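J.: Quick one: this structure, given as structure tokens, is what I'll be asking you about.
Protein chains in written order, with our numbering: chain A, 93 to 363; chain B, -8 to 297.
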């Protein structure tokens, strides 16, 4: 009841806002691996509750860009970052910001499904909460069910929660990883080519759930599959050799790219 | 041209006919088989001798009794009783050693695997490898001079445990480090991306993933030290009584085997020595079986609880 009231109250305000709120902004973001300059002055504004796709040829810095957003980039030895990433107007690279707390707010799904091999389906989903000290079983149960539901996996695994996470099929494993990331209730979900290791049917399922997720989350998806970007995203950024070439609404970018480079990439002239 | 080719073909046929090749294959196979047999001879003969001589010594009395000397009607002394004291001593020493060396080795291994990619880590790794190659008698002398005599701890279970720990530590450290390094980066990344602190991720996710390797290393190192005799000769003393405290002398199977088999005047001693050897081998075998069981079901056997 309470929720309904809230929703009614907030709706008109959202509509009357001229600009949709921004969730993540990168400002002159540069990143290096050793001496290899992989991101050059990338300034990108990602809108809340939308799906933003990042496309570009291999090695253009797509993955590095999103790994900079939740400070995963710095875990690689010799990796460096400069510039700013604003999450709700607060710089995640500001002094004194704990990278662990940033990662709790910005979840991540990786290219290859990587469930924890020694944990059950249940423990995989609950891992983020349990390892941060959550002991309340009822709350854990609820979080596991909710996350598996959101990842469209609950119906398939509800009788096998005790089975090993790695005994699931590839597509199920990836949805398990999505559920695991959602269980800690992040605000943003970063996905690094989440479907590149999956077959078309599993891919379709994940694309469907991405569309479903944007009601509650801001999703940033890296993909080298342009059709996928066109299907799931509202905004698309095109990256080439570490530079942001073009960024705009997906339909606009795909139909009337303003940059020649974008057009050549989209039409398959290179990449 | 044609005749040349013909010649060449002919010469090939003469040197390498199918039957010649088959013959070479058989020679290689027989050589390999012979070497395997040669390698098995010592193992088989040790097992055979130990079982043949040791089995006659086995009895309930032998397994549960304390050492006792009896006087035979001829007036000579004979050994009766059993080696329960030594079995218990070995088990106590194994437990004590594991309690000291496993936690230290485990954490050292974790440290080397996670933070050891620098000069300090490389030096520690090198020293660790040197330590694992150390002659065990040298470790015995060291503990004897520092602990037993130097600090006046005296011959004791504790001194023996420390000596054995020094032998066990580098093995546990190394196997832990190696098994942790086998955990794929993607698993670490997944844990870090969930906003888990690094130490928690390392203990609960990485170490749990590497669990079977770590357990194998620990169990095998216990099996290794259970047969050590040199360092114990200088540290534990001997005892005919059951364990009564870490600061008291204890008995251990390897030392008992040494004492019994070098005893030429008391009848029954050598037979008991064989019996003790059999028990020790069975003990080591059990530990190796435990390793197999512990590592069999990657998931099914032991379910992980965080």
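Don't be surprised by glycine CBs; every beta carbon is placed ideally from N, CA and C.
From a predicted model like this one, the values you see are computed outputs, not experimental measurements.
Go to residue 283 of chain A, then tell me how far its beta strand (DSSP E) extends in each direction, as first and last residue.
T.: Residues 280 to 284.
J.: Taking residue 103 of chain B as the reference, give the member of B:148, B:221 and B:169 with the closest Cα.
T.: Ranking the options by Cα distance to residue 103 of chain B, first place goes to B:169.
J.: Mind checking which residues open and close the alpha helix (DSSP H) that includes residue 194 of chain B?
T.: No alpha helix (DSSP H) contains residue 194 of chain B, which DSSP labels as neither H nor E.
J.: Could you round the C-beta distance between residue 128 of chain B and residue 222 of chain B to whole angstroms and report it? I think they count as a contact, below 8 Å.
T.: Rounded, the Cβ-Cβ distance is 7 Å, consistent with contact.
J.: Let me confirm a value: residue 126 of chain B is counted as buried when at least 16 other C-beta atoms fall within 10 Å, else exposed. Which label applies?
T.: Under this definition residue 126 of chain B is an exposed residue.
J.: Would you verify that the beta carbon of residue 285 of chain B is, or is not, closer than 8 Å to some beta carbon of chain A?
T.: False, the Cβ-Cβ gap to chain A never drops below 8 Å.
J.: Between residue 154 of chain A and residue 114 of chain A, how many whole angstroms is the CB-CB distance? I'm expecting something under 8 Å.
T.: Actually they are not in contact, since the Cβ atoms of residue 154 of chain A and residue 114 of chain A sit about 20 Å apart, beyond 8 Å.
J.: Please list, in chain order, the chain B residues whose beta carbon lies closer than 9 Å to that of residue 126 of chain A.
T.: What residue 126 of chain A touches in chain B: nothing, since even the nearest Cβ is about 15 Å away.
J.: Is residue 300 of chain B helix, strand or coil when you go by DSSP?
T.: Because chain B in this structure spans residues -8 to 297, residue 300 of chain B falls outside the shown range and cannot be described.
J.: Under a CB-based cut-off of 8 Å, is residue 30 of chain B close to chain A?
T.: Not an interface residue.
J.: Are any of the Cβ atoms in chain B nearer than 8 Å to that of residue 220 of chain A?
T.: With 8 Å as the cut-off, residue 220 of chain A counts as an interface residue toward chain B.
J.: In this structure, does DSSP put residue 137 of chain A in helix, strand or coil?
T.: Correct three-state label for residue 137 of chain A: strand.
J.: Whole-angstrom Cβ separation of residue 408 of chain A and residue 257 of chain A, contact assumed at under 8 Å?
T.: Residue coverage of chain A in this structure runs from 93 to 363, which leaves residue 408 of chain A outside it and unanswerable.
J.: Smallest Cα separation from residue 77 of chain B: which of B:214, B:263, B:46 and B:29?
T.: The option with the nearest alpha carbon to residue 77 of chain B is B:263.
J.: Indicate the three-state DSSP secondary structure (helix, strand or coil) for residue 327 of chain A in the structure shown.
T.: Reduced to three states, the DSSP call for residue 327 of chain A is strand.
J.: So which residues on chain A does residue 206 of chain B lean against when the C-beta distance must stay under 9 Å?
T.: Here the premise fails: no neighbours, minimum Cβ distance about 12 Å.
J.: From which residue to which residue does the alpha helix (DSSP H) around residue 216 of chain A run?
T.: Segment 213 to 222, the alpha helix (DSSP H) holding residue 216 of chain A.
J.: Going by the beta-carbon positions, is the gap between residue 338 of chain A and residue 354 of chain A smaller than 8 Å?
T.: Against a cut-off of 8 Å, the Cβ pair of residue 354 of chain A and residue 338 of chain A comes out as a contact.
J.: Helix, strand or coil for residue 37 of chain B? Go by DSSP, reduced to three states.
T.: Looking at residue 37 of chain B - three-state DSSP - the assignment turns out to be helix.
J.: Quick one: is residue 192 of chain A near chain B, going by C-beta distance under 8 Å?
T.: It does: the Cβ of residue 192 of chain A has a partner Cβ on chain B nearer than 8 Å.
J.: Alpha carbon to alpha carbon, how far is residue 350 of chain A from residue 302 of chain A? Give it in angstroms, no decimals.
T.: When rounded, the distance between both Cα atoms is 27 Å.
J.: Per the contact definition of three or more C-beta pairs closer than 8 Å, is the stretch 79 to 98 of chain B in contact with the stretch 205 to 212 of chain B?
T.: They touch, by the three-pair rule.
J.: Would residue 55 of chain B and residue 75 of chain B be called neighbours here (beta carbons separated by less than 8 Å)?
T.: Contact flag set, yes.
J.: Looking at the secondary structure, which residues open and close the alpha helix (DSSP H) in which residue 153 of chain B lies?
T.: Its alpha helix (DSSP H) spans residues 148 to 172.
J.: If you follow the beta strand (DSSP E) that residue 338 of chain A is in, where does it begin and where does it stop?
T.: Taken as a continuous stretch (DSSP letters only), the beta strand (DSSP E) holding residue 338 of chain A covers 335 to 341.
J.: List the whole-angstrom C-beta distance separating residue 281 of chain A from residue 220 of chain A, where the pair is believed to meet the contact cut-off of C-beta under 8 Å.
T.: The Cβ separation is near 13 Å, so there is no contact.
J.: So for residue 154 of chain A, helix, strand or coil by DSSP?
T.: Note: residue 154 of chain A maps to helix in three-state DSSP.
J.: Hey, quick one: how far does the alpha helix (DSSP H) through residue 175 of chain B stretch, first residue to last?
T.: It is not in any alpha helix (DSSP H) - residue 175 of chain B carries neither H nor E in the DSSP assignment.
J.: With a floor of 4 residues, list each alpha helix (DSSP H) that falls wholly inside the stretch 238 to 287 of chain A, ordered by position along the chain.
T.: Correct list: 246 to 249 and 262 to 275.
J.: Per DSSP, residue 207 of chain A is paired with what?
T.: The partner list for residue 207 of chain A (beta bridge, DSSP) is empty, contrary to what the question assumes.
J.: Please report the distance separating the alpha-carbon of residue 175 of chain A from that of residue 119 of chain A.
T.: For residue 175 of chain A and residue 119 of chain A, the distance between alpha carbons rounds to 6 Å.
J.: Exposed or buried, which one is residue 214 of chain A when buried takes at least 16 other CB atoms within 10 Å?
T.: When all chains shown are included, residue 214 of chain A counts as buried.
J.: If you measure from the beta carbon of residue 183 of chain A to each beta carbon in chain B, is any gap under 8 Å?
T.: Output row for residue 183 of chain A: interface = no.
J.: Kindly indicate which residue of A:160, A:177 and A:227 has the alpha-carbon position closest to the one of residue 171 of chain A.
T.: Selected option, being the one with the closest Cα: A:160.
J.: Tell me, which residues are paired with residue 312 of chain A by DSSP?
T.: In DSSP, residue 312 of chain A forms a bridge with A:144 and A:282.
J.: Between the Cα of residue 135 of chain A and those of A:360, A:343 and A:336, spot the shortest distance and give me the residue it belongs to.
T.: Cα-wise, what sits closest to residue 135 of chain A is A:336.
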